[in-house]
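Peer 1: The sequence shown stops at residue 108 when you use the working numbering, and every number in between is there. Heads up, the beta-carbon is just placed ideally off N, CA and C, and yes, glycines get one too. None of the values given here were measured: they were computed from a predicted structure.
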Amino acid sequence: MLLTLKIKNYLTIGGAIPLIAWLACTSLANRALAQLTPDTSLGNESSVVTPNVDVKGALADLIEGGAIRDINLFHSFLEFNVSDGGRVYFANPVGIESIFTKK
Numbered sequence: 006m007l008l009t010l011k012i013k014n015y016l017t018i019g020g021a022i023p024l025i026a027w028l029a030c031t032s033l034a035n036r037a038l039a040q041l042t043p044d045t046s047l048g049n050e051s052s053v054v055t056p057n058v059d060v061k062g063a064l065a066d067l068i069e070g071g072a073i074r075d076i077n078l079f080h081s082f083l084e085f086n087v088s089d090g091g092r093v094y095f096a097n098p099v100g101i102e103s104i105f106t107k108k
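(1) Less than 8 Å between the CB atoms is what I'm expecting for Pro43 and Val54, so what's the real figure, rounded?
(2) In three-state terms, what does DSSP make of Gly70?
(3) Whole angstroms is fine: what's the gap from Ile73's alpha carbon to Lys61's?
(4) What residue range is occupied by the uninterrupted beta strand (DSSP E) comprising Leu41?
(5) According to DSSP, which residues form a beta bridge with Asn86?
(6) Quick one: what's got a C-beta closer than 6 Å to Ile68's C-beta in the same chain, skipping five residues either side?
(7) Taking DSSP as the reference, what is the three-state secondary structure of Asn114?
(8) Using 8 Å for Cβ pairs, my map puts Gly70 next to Glu84. What's the rounded Cβ distance?
(9) What are the boundary residues of the beta strand (DSSP E) that includes Lys107?
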């Protein structure tokens, strides 16, 4: 009976604090990450995402590749979510005037 009472008190008081702290940390960590996932609809011309690249003096997710058609560059993604304050930089080869993305 005494052991059951101690376990119950731990779960309701002491166990709740670490659990709440863990949930807060993991939920905040997930929000801080960008989710940029190219799909395979462009075959060997699919986009390539490189996270945390120094672009013009600040960190950004660099997107390269894609399908070039005349003066246009096309990218296709399964997921394209950028966190608040996050940066994404699309590399634009010489001669490209428009970059299009679809999700």
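Peer 2: Straight from the coordinates:
(1) As a first step, residue 43 must be located in the sequence shown, where it is residue number 38. As a first step, residue 54 must be located in the sequence shown, where it is residue number 49. Sure, about 6 Å apart at Cβ, within 8 Å.
(2) On the sequence shown, position 65 is the one that residue 70 refers to. Here Gly70 carries a strand assignment [DSSP, helix/strand/coil].
(3) Taking the first residue of the sequence shown as 1, we reach residue 73 at position 68. Taking the first residue of the sequence shown as 1, we reach residue 61 at position 56. Using only the alpha carbons, I get a separation of about 24 Å.
(4) In the sequence shown, the residue the question calls residue 41 occupies position 36. Leu41 -> beta strand (DSSP E) spans 40-43.
(5) Indexing the sequence shown from 1 puts residue 86 at position 81. Per DSSP, the beta-bridge partners of Asn86 are Gln40.
(6) Taking the sequence shown and counting its residues from 1, the one referred to as residue 68 is at position 63. Excluding positions up to five away in sequence, the list reads Ser52, Val54, Phe95.
(7) Any property of residue 114 remains undetermined from this structure, which presents the chain solely from 6 to 108.
(8) Numbered from its first residue, the sequence shown carries residue 70 at position 65. Numbered from its first residue, the sequence shown carries residue 84 at position 79. About 16 Å separates the two Cβ atoms, so there is no contact after all.
(9) As a first step, residue 107 is located in the sequence shown; it is residue number 102 there, counting from the start. In the DSSP assignment, Lys107 falls within the beta strand (DSSP E) that extends over 103-107.
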